[in-house]
Amino acid sequence: MGLDPMLLEILACPQDKGPLLYFEDEQSLYNPRLKCRYKVSDGIPVMLVEEAETVGDAEHDRLLAQAAERGIRPTFEERAGDGR
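For what it's worth, our numbering labels the leading residue of the sequence shown as 1, then goes sequentially.
Encoded structure:
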């Protein structure tokens with residue numbers, strides 16, 4: 001089950017309030033700035049900081065390469081000056 005596209009447009013990392021990358025096939029949302037991943041369970045994003053998984057450099061590189069290869073875009077575009 002994928003996430004609702006309207007929900008994806010507003011999802012932000014609870015730690016730095018920045019955009020995330022959604023990997024539907026892995027049921028996860030990834031913050032490349034903090035190298036942390038949030039799971040999606042039964043179509044519901046688990047956006048709890050204490051539940052986030054920190055990933056190592058190799059996994060970070062794999063996720064960024066996969067995002068580039070598949071055209072995975074951030075959940076929203078950051079705007080200069082307002083943190084989004």
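Cβ coordinates follow ideal geometry from the N, Cα and C atoms, glycine included.
Check for me: the alpha helix (DSSP H) holding residue i runs from which residue to which?
{"i": "leucine 48", "result": "Unbroken run through leucine 48: none, as it is neither H nor E."}
{"i": "arginine 62", "result": "57-70"}
{"i": "leucine 7", "result": "5-8"}
Between the alpha carbons of residue i and residue j, how many angstroms are there, rounded?
{"i": "glutamate 9", "j": "threonine 75", "result": "5 Å"}
{"i": "leucine 11", "j": "glutamate 69", "result": "22 Å"}
{"i": "alanine 65", "j": "glutamate 53", "result": "19 Å"}
{"i": "valine 40", "j": "glutamine 27", "result": "5 Å"}
{"i": "alanine 6", "j": "leucine 29", "result": "Looking at the sequence itself, residue 6 is methionine, so the reference to alanine does not match. Cα-Cα distance, rounded: 15 Å."}
{"i": "leucine 48", "j": "glutamine 15", "result": "9 Å"}
{"i": "glutamate 78", "j": "tyrosine 38", "result": "20 Å"}
{"i": "leucine 63", "j": "arginine 73", "result": "12 Å"}
Hey, could you find the ends of the beta strand (DSSP E) residue i is sitting in?
{"i": "leucine 29", "result": "28-31"}
{"i": "leucine 21", "result": "21-23"}
{"i": "cysteine 36", "result": "36-41"}
My understanding is that residue i touches residue j, with C-beta atoms under 8 Å, so please give their C-beta distance in whole angstroms.
{"i": "glycine 2", "j": "glutamate 24", "result": "5 Å"}
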